Amino acid sequence: MFGWKEQYSCNIAEVDKQHKQLFRLAGDLHDLLQAPERFDKYDEIRRVLGELADYAVYHFSFEEKLMTEHGFDAAQFKYHQAEHTAFTHKIKHLAQQDFDKNQQQTIANALVFAVNWIDKHILDTDKRYVEFLNSKDVH
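Counting along the sequence shown from 1, when you hit position 85 you're at 85 in full-length UniProt numbering, and nothing is skipped either side.
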């Protein structure tokens with residue numbers, strides 16, 4: 001269904017490492033979805049969504065710092081930053097919902113959102129700044 005593929009590579013070692021961690025955290029959501037429904041997953045859902053939100057903030061800050069340090073286009077930077085903010089808000093919103101009675105649906109929604117967003121963001125939005133940074137010999 002999902003996971004790291006070579007096409008996601010940005011040719012920037014630290015960014016690739018962080019992207020792989022985002023996929024691992026999405027994999028934790030997948031694991032929760034596969035666990036038997038008879039178990040209460042409330043605490044685990046909160047933990048994984050919290051970790052995903054926290055790691056995303058860390059990763060996005062790293063990317064944004066790279067862009068500003070190397071003079072990435074200001075308009076594209078704002079667009080990129082807005083995408084980061086939207087992702088973080090959505091994951092935090094999912095984590096704050098009252099999902100005690102609807103745990104499987106919450107996990108499924110979070111998983112689909114995270115995987116689709118990460119995939120599209122890396123392959124589309126990130127590739128714009130990556131080409132710029134690679135041209136400045138950032139690897």
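Backbone N, C-alpha and C fix where the C-beta goes; we use that ideal spot for every residue, glycine too. Small disclaimer: the values here were computed from a predicted structure and weren't measured.
Query: Residue 91 beta carbon less than 8 Å from that of residue 32; Result: no
Query: Element boundaries [alpha helix (DSSP H), containing residue 8]; Result: Segment: none, residue 8 is in no alpha helix (DSSP H) and carries neither H nor E.
Query: Meets three-Cβ-pair contact criterion under 8 Å: the stretch 77–93 and the stretch 14–29; Result: no
Query: Limits of the unbroken alpha helix (DSSP H) element including residue 117; Result: 103–120
Query: Short Cβ contact (8 Å threshold) for residue 140 with residue 70; Result: Nothing can be reported for residue 140: it is not among the residues displayed for the chain, which extend from 1 to 139.
Query: Cβ pair residue 104, residue 63 closer than 8 Å; Result: no
Query: Buried versus exposed, by CB contacts within 10 Å (16 or more), residue 60; Result: buried
Query: Local conformation of residue 38 per DSSP, three classes; Result: coil
Query: Rounded straight-line distance, which links the Cα of residue 81 to that of residue 23; Result: 20 Å
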